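Data block below; observations after.
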Amino acid sequence: MKVLAILGAGNKTRNTATMLRSAFDGAMSVPGAEGELLSLFDLTFKGCVGCHACKLLDEKHFARCALKDDLTPVLAKAIEADVILIGSPMYFNDVTGATRSFLERLFFPAITYNKDRTPTYPKRARVGWVFTMNAPGDFYTEFFKGLVGSTSWIIGDAEYAIAYGTQQFEDYSKYAATMFDVETVKRRHLEQFPEDCKTAFEMGKRLAETIGGGTHA
Ligand SMILES: Cc1cc2nc3c(=O)[nH]c(=O)nc-3n(C[C@H](O)[C@H](O)[C@H](O)COP(=O)(O)O)c2cc1C
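Per my numbering, residue 1091 is the first one in the sequence shown, and the count goes up by one each step.
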């Protein structure tokens, strides 16, 4: 059973990376799991360029992204993976640009404009999303549900774990950031964030344990 964790945050040690690592550790704790955790920020790649090669009938790229760059082998690994874990901080009410570009390249080849809209993703995988953010816990629920819904439709059953009100700076007094209640943020980081990481660990473990296989009808 193959696990692929994809970090869509620029920093490799802060909230999103830590929580994604927990989800990855959870999946890897299941016997038979083999996996890899990689960072999109180590790669040079574009979002979808709209070439439509992935929709061209009788074309060698049908249902595959034809663009060749650093993301090409990652997309191949994603298609092989049984469990895909994706971590992104919220940037301007969305996932990061790198995560968005990755999604465009993963999702668009896996759907058609055919009437039946059956996805062409070659297998059913399990997907776990990890989102971190400053905003309150219920602020992006509709966004998360929408993204997880699209992921479930295209790739396979998906779920998500969040950390909110995250700590961004060690010393808030050194930054232009007076809107935060520093004590609350720091306490959350000490007390709640480890719990959020445990939730992510359990999600990763659960996803790896429930691999059912199967293909689209
Ligand atoms: C460019 C940028 C945009 C952000 N936009 C939002 C936002 O729209 N909503 C939000 O809740 N937090 C926003 N944040 C805060 C981050 O999502 C939050 O601090 C997150 O936990 C950072 O993840 P990291 O610690 O892994 O870097 C933003 C941060 C940055 C750097």
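Note that the Cβ used here is the ideal one computed from N, Cα and C, for glycine as well.
All figures in this text were calculated on a predicted structure; none of them were measured in a lab.
Nearest-angstrom Cβ-Cβ length linking residue i and residue j, presumed shorter than 8 Å
| i | j | result |
| --- | --- | --- |
| residue 1169 | residue 1219 | That belief does not hold up - the Cβ atoms of residue 1169 and residue 1219 are roughly 18 Å apart, past 8 Å. |
| residue 1301 | residue 1173 | 7 Å |
| residue 1186 | residue 1159 | With a Cβ gap of about 18 Å, residue 1186 and residue 1159 do not count as contacting. |
| residue 1180 | residue 1113 | At roughly 17 Å, the Cβ-Cβ gap does not stay under 8 Å, so residue 1180 and residue 1113 are not in contact. |
| residue 1122 | residue 1091 | 5 Å |
| residue 1246 | residue 1178 | Not really, about 19 Å apart at Cβ, beyond 8 Å. |
DSSP state of residue i mapped onto helix, strand, coil
| i | result |
| --- | --- |
| residue 1104 | coil |
| residue 1093 | strand |
| residue 1154 | coil |
| residue 1187 | helix |
| residue 1133 | coil |
| residue 1162 | helix |
| residue 1222 | strand |
| residue 1175 | strand |
| residue 1252 | strand |
| residue 1277 | helix |
| residue 1146 | coil |
| residue 1098 | coil |
| residue 1301 | coil |
| residue 1139 | coil |
Cβ neighbours of residue i in the same chain (closer than 7 Å, five flanking residues each side left out)
| i | result |
| --- | --- |
| residue 1131 | 1100, 1188 |
| residue 1073 | A question about residue 1073 goes unanswered here, because the residues of the chain that appear run from 1091 up to 1307. |
| residue 1165 | 1155, 1195, 1196 |
| residue 1243 | 1209 |
| residue 1287 | 1108, 1109, 1112 |
Cβ-based neighbour list, residue i, same chain, cut-off 8 Å, excluding 5 preceding and 5 following
| i | result |
| --- | --- |
| residue 1289 | 1251 |
| residue 1234 | 1219, 1221, 1250, 1252 |
Close Cβ partners of residue i (< 6 Å) along its chain, the five nearest in sequence each way excluded
| i | result |
| --- | --- |
| residue 1125 | 1093, 1118 |
| residue 1227 | 1254 |
Contact between the segment 1133 to 1153 and the segment 1192 to 1212 (3+ Cβ pairs under 8 Å): With the cut-off at 8 Å, the segment 1133 to 1153 and the segment 1192 to 1212 touch.
Touching by the beta-carbon criterion (3+ pairs, under 8 Å), the segment 1230 to 1250 and the segment 1092 to 1110: Contact fails: fewer than three Cβ-Cβ distances are below 8 Å.
Segment contact, 8 Å Cβ cut-off, at least three pairs: the segment 1285 to 1302 with the segment 1259 to 1267: In this structure the segment 1285 to 1302 does not touch the segment 1259 to 1267; the number of beta carbon pairs closer than 8 Å is below three.
Validate contact between the segment 1280 to 1298 and the segment 1200 to 1219 using beta carbons, cut 8 Å, 3 pairs: The segment 1280 to 1298, when compared against the segment 1200 to 1219, does touch it at the 8 Å Cβ threshold.
Residues surrounding ligand 1 [beta-carbon distance to nearest heavy atom under 5 Å]: Applying a distance threshold of 5 Å between residue Cβ atoms and the heavy atoms of ligand 1 selects 1099, 1101, 1104, 1105, 1106, 1179, 1180, 1181, 1182, 1183, 1222, 1223, 1224, 1225, 1256, 1258, given in chain order.
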